[in-house]
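In what follows, a single structure is set out as structure tokens and then discussed.
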Amino acid sequence: EAGVAQSPRYKIIEKRQSVAFWCNPISGHATLYWYQQILGQGPKLLIQFQNNGVVDDSQLPKDRFSAERLKGVDSTLKIQPAKLEDSAVYLCASSLVRGSYEQYFGPGTRLTVT
Amino acid sequence: GDSVTQMEGPVTLSEEAFLTINCTYTATGYPSLFWYVQYPGEGLQLLLKATKADDKGSNKGFEATYRKETTSFHLEKGSVQVSDSAVYFCALSDPTGGSQGNLIFGKGTKLSVKP
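So the sequence lines, in the order shown, correspond to chains A and B.
Start counting the first sequence at 1; every next residue gets the next number (the working numbering).
Start counting the second sequence at 1001; every next residue gets the next number (the working numbering).
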């Protein structure tokens, strides 16, 4: 079974630029999560999708971050414009059902904003 | 709100040493508790879990017991190997609490095992 795929693995941008991350969850997983992991901290949930609908985006900085999950499969997370404090690893995870603690994580995208 | 506190690292041990990584939690409801592991260059993986008080989760020689009286879920292994070198995250899920069942992670503890 293929795992959660993410791209790119690394990205370096200047502040005020925009960036997008892509995630392909495990086939058949209805729930998809985006987390932000700042260096030295644990992952923090940004947004949760159930199929192609948002069920929790309370921690998403909506003035600059946006996410979509078209057709309930792949998802993209966008930052526009980026700030220095957005430097972090962005993790995508998926689970078979909503509310399952058995989340499967991708390798993450490491973003550096200079 | 719900939170997890785990011992700061890094932790450096020799092969075959005993490992303990402390984790305590604060929750308003009745959480389930987890340990996730992140090997270098890989995504987080669920290592073990416990869903109610006094449950013991175990996997790959690691163990942790859900202690409600001390609000703790310490990770232990009797004899570590070099291949156990990774970052370990304690986490909780509290469906009846403010976090609505979402995973709340500690800051992670980096373990390095020397041959």
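All residues carry an ideal CB built from backbone N, CA and C; glycine is no exception.
Because the structure is a prediction, the values reported are computed rather than measured.
Where residue i meets chain B, residues with beta-carbon distance less than 7 Å
i	result
V4(A)	G1043
L50(A)	According to the sequence provided, residue 50(A) is Gln. The question's Leu does not apply to it. Those do not exist, as Q50(A) stays about 12 Å from chain B at its closest Cβ, beyond 7 Å.
F65(A)	Ordered by position in chain B, no residue passes the 7 Å Cβ test against F65(A), which lies about 17 Å from the chain.
E102(A)	L1046
Proximal residues of chain A, C-beta to C-beta of residue i below 8 Å
i	result
G1106(B)	G42
Contacts of residue i in chain B (Cβ-Cβ under 8 Å)
i	result
G108(A)	G1043
L45(A)	N1102, L1103
L91(A)	G1043, L1044
F21(A)	By Cβ distance, chain B contributes nothing, its closest Cβ being about 14 Å from F21(A), past 8 Å.
Endpoints, the beta strand (DSSP E) within which residue i is located
i	result
G53(A)	53-56
Ignoring anything shorter than 3 residues, give me the beta strand (DSSP E) runs that lie fully in the stretch 68-113 of chain A, in order along the chain. Qualifying beta strand (DSSP E) stretches, in chain order: 75-79, 88-95, 109-113.
Given a limit of 8 Å on CB to CB distance, which residues of the stretch 1044-1076 of chain B reach chain A? Result list: L1044, Q1045, L1046, K1049.
Could I get the ranges of all uninterrupted beta strand (DSSP E) runs contained in the stretch 1002-1026 of chain B, with 3 residues as the minimum, in chain order? 1003-1006, 1011-1014, 1019-1021, 1023-1026, all fully within the stretch 1002-1026 of chain B.
4-residue-minimum alpha helix (DSSP H) runs that sit fully inside the stretch 4-51 of chain A, ordered along the chain: Entirely contained in the stretch 4-51 of chain A, not one alpha helix (DSSP H) run reaches 4 residues.
Would you call the stretch 1103-1113 of chain B in contact with the stretch 1009-1016 of chain B, where contact means no fewer than 3 C-beta pairs closer than 8 Å? Segment contact: the stretch 1103-1113 of chain B against the stretch 1009-1016 of chain B, three or more CB-CB distances shorter than 8 Å; contact assigned.
Below 8 Å between beta carbons is the criterion; list the residues of the stretch 1004-1024 of chain B that meet it against any residue of chain A, in chain order. Going along the stretch 1004-1024 of chain B in chain order, one finds V1004 with a Cβ nearer than 8 Å to chain A.
If contact is defined by three or more beta carbon pairs under 8 Å, each pair taking one atom from either stretch, is the stretch 1056-1073 of chain B in contact with the stretch 1028-1046 of chain B? These segments touch.
Compile a chain-ordered list of the residues in the stretch 1084-1103 of chain B whose CB is closer than 8 Å to at least one CB of chain A. Among the residues of the stretch 1084-1103 of chain B, those with a Cβ less than 8 Å away from any Cβ of chain A are F1089, A1091, S1093, P1095, Q1100, G1101, N1102, L1103, in the order of the chain.
Beta strand (DSSP E) runs wholly inside the stretch 1034-1110 of chain B, at least 3 long, in chain order: Segments of the beta strand (DSSP E) lying fully in the stretch 1034-1110 of chain B: 1044-1050, 1056-1059, 1062-1065, 1075-1077, 1086-1093, 1103-1105.
Given 8 Å as the limit, is there contact between the stretch 77-95 of chain A and the stretch 1077-1084 of chain B, that is, 3 or more CB pairs closer than that? By the C-beta criterion, the stretch 77-95 of chain A is judged not to be in contact with the stretch 1077-1084 of chain B, since fewer than 3 inter-stretch pairs fall below 8 Å.
Taking one C-beta from the stretch 47-66 of chain A and one from the stretch 1014-1031 of chain B each time, how about it: are there three or more such pairs within less than 8 Å? Contact fails: fewer than three Cβ-Cβ distances are below 8 Å.
Any contact between the stretch 32-52 of chain A and the stretch 66-79 of chain A? By contact I mean 3 or more CB pairs, one from each, below 8 Å. Result yes; three or more Cβ-Cβ pairs closer than 8 Å.
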